[in-house]
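The opening residue of the sequence shown carries number 1 in UniProt numbering; numbering runs sequentially from there. Right, one structure below, let's go through it.
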Amino acid sequence: MSIEWYAVHTYVGHEEKVRSNMMQRARSLGIADKIYQVVVPSEETVEHTGGGKKEVVRRKLFPGYVFVQMDLGDNPDEPNEAWEVVRNTPGVTGFVGTATRAVPLTPEEEARMLGITGAKETPKVKVNFSVGNIVQVTSGPFADFTGVVSELNPERGKVKVLVSIFGRETPVELDFSQVIKT
């Protein structure tokens, strides 16, 4: 008995559907004891939409891949029921490996993938502008001012903007939600 993690190719955008179909097929065919977990690593990001609004979006970290923890038996060169269920799930295009042999993830790949999926952290902020872009302040005491982005701090969700006040460029630190790219 060899329980390993395997990477499975899927159609991009069908990862969640493949995951649920694979688990359903394993249960209905009575081999849920050979397919332990099916994981689609993803993270939440905060995207700023127009008007300073925020939207939390779930983004897949490995588009087109699903990770499966399963038992392929003692002879991985010989396909078994678990291999057949995974391989014949709608949306699956194949295992990472050869056409007849699935190659398990290395311990380093497994640790990285499990570290990504197990980490519960605050959503990362997606920034729609970069240093040097001209932005408009939408709220706060500098509302309706325009300026140039001089620094970004995604960890804190802050942006430093050079705003012209009384004819001088003055750095002003603002939240990402307070500015929009012009």
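A virtual CB, placed ideally from N, CA and C, is assigned to each residue, including glycine.
Where residue 121 falls: helix, strand or coil (DSSP): The sequence position of residue 121 within the sequence shown is 121, counting from 1. Caution applies to residue 121, whose pLDDT of 49 falls short of 50 and renders its modelled position unreliable; the model cannot decide the point.
Closest to residue 46 by CA distance: which of 181, 133, 155 and 104 is it? As a working note, residue 46 is residue 46 in the sequence shown. Proximity to residue 46 across 181, 133, 155 and 104 peaks at 155, based on C-alpha coordinates.
Should the region 82-91 be called in touch with the region 54-73, which here means at least 3 C-beta pairs below 8 Å? Here the region 82-91 makes contact with the region 54-73; the two share three or more CB pairs at distances below 8 Å.
Using the rule of at least 16 other Cβ atoms within 10 Å of the residue's Cβ for burial, across every protein chain shown, is residue 7 buried or exposed? Locating residue 7 in the sequence shown gives position 7, counting from the first residue. In this structure residue 7 is buried. Its beta-carbon is surrounded by 16 or more other beta-carbon atoms within 10 angstroms.
Starting from residue 17 and walking both ways along the beta strand (DSSP E), at which residues does that stretch end? Position 17 of the sequence shown, counted from the start, is the residue given in the question as residue 17. No beta strand (DSSP E) contains residue 17, which is instead part of the alpha helix (DSSP H) from 15-28.
Looking only at its chain, what residues have a beta carbon closer than 6 Å to the beta carbon of residue 63, apart from the 5 residues adjacent to it on each side? As a first step, residue 63 must be located in the sequence shown, where it is residue number 63. Around residue 63: 12.
When DSSP builds the beta bridges, which residues end up paired with residue 107? Position 107 of the sequence shown holds residue 107. Bridge partners of residue 107: none, in fact.
Sort 101, 172 and 21 by Cα distance to residue 151 and report the nearest one. Numbered from its first residue, the sequence shown carries residue 151 at position 151. Comparing Cα positions, the closest option is 172.
Just to confirm the assignment, what range does the beta strand (DSSP E) spanning residue 59 have? In the sequence shown, residue 59 corresponds to position 59, counting from 1. Taken as a continuous stretch (DSSP letters only), the beta strand (DSSP E) holding residue 59 covers 54-60.
Quick check on residue 81: does DSSP put it in helix, strand or coil? Here the question's residue 81 lines up with position 81 in the sequence shown. If DSSP states are grouped into helix, strand and coil, residue 81 belongs with the helices.
Report the partner residues of residue 42 according to the DSSP bridge assignment. Stepping through the sequence shown from its first residue, residue 42 is reached at position 42. Per DSSP, 60.
Residues in the same chain with beta-carbon distance under 6 Å from residue 35, minus the five sequence neighbours each way, listed in chain order, please. Stepping through the sequence shown from its first residue, residue 35 is reached at position 35. Leaving aside the five residues that flank residue 35 on each side, the residues in its chain whose CB is nearer than 6 Å to its CB run, in chain order, 26, 70 and 82.
Identified DSSP bridge partners for residue 6: The count along the sequence shown starts at 1 and reaches residue 6 at position 6. For residue 6, DSSP records a beta bridge to 68 and 104.
Rounded to a whole number of angstroms, what is the C-alpha to C-alpha distance between residue 120 and residue 65? Residue mapping note: residue 120 aligns to position 120 of the sequence shown, counting from 1. Residue mapping note: residue 65 aligns to position 65 of the sequence shown, counting from 1. For residue 120, the pLDDT reaches just 46, beneath the cut-off of 50, and the residue's location in the model is therefore unreliable, although a value from the coordinates is still provided. Straight-line measurement puts the Cα of residue 65 at about 21 Å from the Cα of residue 120.
Start and end of the beta strand (DSSP E) containing residue 146? Position 146 of the sequence shown holds residue 146. Looking at the DSSP string, the run of the beta strand (DSSP E) that includes residue 146 is 146-153.
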